[in-house]
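**Q** One structure is given below, represented as structure tokens, and several questions about it will come after.
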Amino acid sequence: MRNFLLFMGMLALLLFGADFVLAALFDKLYQRARSGQTGGETNRYLAFSKLPTLLIMGNSRARYQVDPDSFAVPTYSLCHAGMGQVFQTGLLHLLEQENKLPSTVLLHVDFEEYTGDDNLEDIGNLRYYYGKSPAITTRIREISRYEQLKYCFRFYRYNGRVISIIKNFIQSRTATPFSKGYQALSPIANDSTSFVELTPPIIAGQRARFQYRNLRHLQEFLAICRRHKIKLLCFTSPYFVSRVSASMAALPIDSMLRAEHVPYFNAAAHPLPILQHHASFWQDADHLNVLGAGYLSQQIAQWSKPFLTADSTVIAPRH
Amino acid sequence: MTKTYRNLMLTMLLGGLWHGASWNFVVWGFLNGAYLSIEKMLGIETNLGAHYSLPYKMLRVFVTFNLVCLTWVFFRAASFQQALYIVSHIFNPVGFWNLRIQDTGIFASMTLGVLLLLLLEYAYLRRHRIAEISPSRNWHRPMAFSVILILLIVGFGVSGGDQFIYFQF
């Protein structure tokens with residue numbers, strides 16, 4: 040028993056010592072990265088001395104499809120592929136904490152998030168800020184009741200991202216970052232809708248349900264914008280093949296944003312005909328390549344121009 | 014022998030159907046049953062003993078791996094139509110040459126991770142038994158082994174709430 044206790048004591052000591060060293064090492068790698076979506080691009084933005092007027096936020100359908108150069112004001116894209124609204128709200132909290140809030144945000148709203156489960160795990164991509172940002176820490180703890188226990192290991196903040204962080208650190212020294220954060224999808228000679236629509240067909244009698252609970256992250260985003268008098272513009276992206284989720288989610292989101300006096304452009308409901316008739320503008324059913332992105336970017340830039348030049352703040356203060 | 018083939022097919026078809034009430038799983042089971050039956054029919058020895066040459070072993074591994082991957086298309090596709098679409102486009106050479114890596118981060122992580130694990134397995138784990146790696150009489154190695162294992166779980170362990178792959182009901 041004595042040997043066992045000695046062994047376990049020594050194990051705990053070595054474990055936490057190694058955890059401390061590894062966490063310190065990866066902290067340095069993370070902080071120095073200026074490339075990659077596991078913190079590198081966020082670090083790059085946070086290092087700016089002069090902030091852009093317009094910041095584009097959203098998932099891959101904003102990252103690959105909206106060109107900052109299309110806008111008349113200095114614009115930067117801080118979009119992260121695969122990340123839902125909970126991540127975008129966490130990111131805005133971080134910008135708030137670091138005093139790096141822009142004057143205007145163009146936020147991509149993705150309908151898929153509101154007809155399925157709440158993608159709370161997306162906040163895990165901001166794990167580095169666990170313990171550093173109260174808002175992000177609270178959201179991470181909501182993932183599960185045991186989440187707090189995992190962070191007893193400081194190295195857990197890099198769970199699942201170890202190789203990405205090493206890659207980002209190396210890439211920061213060797214590769215040129217994307218200009219203004221925009222990642223264009225180069226067209227391939229035979230580009231077309233390259234795979235079948237992944238959404239399973241709705242069985243007769245069943246209906247997709249709008250998950251009102253998922254709106255809380257968007258509402259929190261709006262609250263931050265209201266608090267700091269940030270102009271907020273929202274938009275959705277078109278689909279090559281129309282989605283049940285789009286028609287299901289459009290009305291509640293539209294109603295909510297109208298009530299908050301947030302300009303909202305639903306490109307899914309008003310797609311450009313040229314995009315609907317040319318499969319070669321699409322990399323897949325959800326993402327335009329750089330050819331199609333040019334048209335969408337121009338469409339959104341034209342729509343947003345009056346709002347960008349207007350003096351008043353967009354979100355009405357709460358009474 | 015006919016009974017053997019029949020039983021093999023029945024077992025794998027039922028095994029497929031057990032995973033879910035969809036033609037996808039039936040086809041998955043059918044393919045696996047067919048592979049096993051053909052293997053038996055051709056008298057292919059399943060143990061790759063030392064008397065086989067390395068190129069032959071590599072060829073067998075390559076063929077088996079690809080045949081099994083083909084069955085996984087049916088297992089994981091959302092619908093039978095989707096599975097047929099994927100299979101019919103796998104052998105499209107134009108599509109092959111137009112493959113693109115959209116997210117190099119994920120690709121790099123997967124490739125490096127797999128390479129490291131393969132290196133660890135072939136260079137060390139296959140040459141040593143667990144009792145040699147972590148002998149009970151010596152506390153240094155079990156200690157180091159435990160610390161490394163726990164840190165690997167902390168760094169690479171999956172703890173998300175992803176749905177269990179078999180949950181189709």
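Order-wise, the sequence lines are chains D and L.
What the first sequence shows, in the working numbering, is residues 40 to 358, in sequence order.
What the second sequence shows, in the working numbering, is residues 14 to 182, in sequence order.
Every residue gets a Cβ at the ideal spot worked out from N, C-alpha and C, and that includes glycine.
1. Any beta carbon from chain D within less than 8 angstroms of L/I143's own beta carbon?
2. So with Cβ pairs under 8 angstroms, would you call D/F59 a contact of chain L?
3. Using DSSP with H/G/I as helix, E/B as strand and the rest coil, what is D/R192?
4. If contact means a Cβ-Cβ distance below 9 angstroms, which residues of the region 181 to 211 of chain D contact chain L?
5. Under a three-way DSSP split, which group does D/C118 fall into?
6. Rounded to whole angstroms, what is the Cα-Cα separation between D/G163 and D/I179?
7. Find the nearest neighbour of D/Y103 within the set D/Q341, D/Y195, D/A340, D/L330, judged by alpha-carbon distance.
8. Given that D/F274 touches chain C, what residues does it touch there, using C-beta distances under 8 angstroms?
9. Leaving out five residues before and five after D/F208 in sequence, what residues of the same chain have Cβ atoms less than 7 angstroms from its Cβ?
10. Would D/S276 be called buried (16 or more neighbouring beta carbons within 10 Å of its own) or exposed?
11. My output table needs one value for D/K37: the three-state DSSP class, helix, strand or coil.
12. Within the same chain, show all residues whose beta-carbon is closer than 7 angstroms to that of L/T84, passing over the 5 residues directly before and after it, in chain order.
13. Give me the chain L residues within the contact set of D/M49, using Cβ-Cβ distance strictly less than 9 angstroms, ordered along the chain.
14. Of all the CB atoms in chain D, is at least one closer than 8 angstroms to the CB of L/S122?
15. Any C-beta of chain L sitting closer than 8 angstroms to the C-beta of D/L54?
16. In angstroms with no decimal places, state the Cα-to-Cα distance between D/T368 and D/F304.
17. So which residues on chain L does D/F320 lean against when the C-beta distance must stay under 9 angstroms?
18. Please confirm whether D/A86 and D/S99 have their CB atoms less than 8 angstroms apart.
19. Of the choices L/Y135, L/E52, L/H153, whose alpha-carbon is the least far from that of L/Y18?
20. Which value, in whole angstroms, describes the spacing of the CA atoms of D/K344 and D/P107?
21. Sort D/L134, D/P310, D/G97, D/A174 by Cα distance to D/L90 and report the nearest one.
22. Could you give the DSSP three-state label for D/Y309: helix, strand or coil?
23. By the 10 Å Cβ neighbour count, where 16 or more other Cβ atoms means buried, how is D/A101 classified, buried or exposed?
**A** Straight from the coordinates:
1. Taking the second sequence and counting its residues from 1, the one referred to as residue 143 of chain L is at position 130. Chain D contact via Cβ: absent.
2. In the first sequence, counting from the first residue as 1, residue 59 of chain D sits at position 20. With 8 angstroms as the cut-off, D/F59 does not count as an interface residue toward chain L.
3. Counted from its first residue, the first sequence places residue 192 of chain D at position 153. What sits at residue 192 of chain D in the sequence shown is Phe, not Arg. D/F192 falls in the coil class under three-state DSSP.
4. I182, S183, Y185, E186, K189, F192, F194, Y195, Y197, N198, G199, R200, V201, I202, S203, I205, K206, N207, Q210
5. Here residue 118 of chain D is taken as the residue at index 79 of the first sequence, counted from 1. It is coil, neither helix nor strand.
6. Position 124 of the first sequence, counted from the first residue, corresponds to residue 163 of chain D. Position 140 of the first sequence, counted from the first residue, corresponds to residue 179 of chain D. So the two alpha carbons sit approximately 7 angstroms from each other.
7. As a working note, residue 103 of chain D is residue 64 in the first sequence. With distances taken between Cα atoms, D/Y103 lies closest to D/L330.
8. Of the chains in the structure shown, none is chain C; the protein chains are D and L.
9. Along the first sequence, read from residue 1 onward, the residue named residue 208 of chain D stands at position 169. So the qualifying residues of the chain are L68, R71, A72.
10. On the first sequence, position 237 is the one that residue 276 of chain D refers to. With 16 or more other Cβ atoms within 10 Å, it is buried.
11. This structure does not reach residue 37 of chain D, given that chain D is present from 40 up to 358, and the question cannot be answered.
12. The sequence position of residue 84 of chain L within the second sequence is 71, counting from 1. So the list reads W41, L44, N45, once near-sequence residues are dropped.
13. Along the first sequence, one-based indexing puts residue 49 of chain D at 10. W152, M156, listed in chain order.
14. As a first step, residue 122 of chain L is located in the second sequence; it is residue number 109 there, counting from the start. Chain D contact via Cβ: present.
15. To locate residue 54 of chain D, count along the first sequence from 1; it is residue 15. True, the Cβ-Cβ gap to chain L drops below 8 angstroms.
16. As shown, chain D starts at 40 and ends at 358. That puts residue 368 of chain D outside it, with no answer to give.
17. By 1-based counting over the first sequence, the position of residue 320 of chain D is 281. None at all; the shortest Cβ gap to chain L is about 16 angstroms.
18. Looking up residue 86 of chain D in the first sequence gives position 47. Looking up residue 99 of chain D in the first sequence gives position 60. No, Cβ-Cβ distance for D/A86 and D/S99 is not below 8 angstroms.
19. By one-based count along the second sequence, residue 18 of chain L stands at place 5. It is L/E52.
20. For the purposes of this step, residue 344 of chain D is identified with residue 305 of the first sequence, where counting begins at 1. For the purposes of this step, residue 107 of chain D is identified with residue 68 of the first sequence, where counting begins at 1. If I take the Cα positions, the gap works out to 13 angstroms.
21. Taking the first residue of the first sequence as position 1, residue 90 of chain D is located at position 51. Of the listed residues, the one whose Cα sits closest to D/L90 is D/L134.
22. Taking the first residue of the first sequence as 1, we reach residue 309 of chain D at position 270. Looking at the sequence provided, one finds His at residue 309 of chain D rather than Tyr. Note: D/H309 maps to coil in three-state DSSP.
23. Position 62 of the first sequence holds residue 101 of chain D. Label assigned to D/A101: buried.
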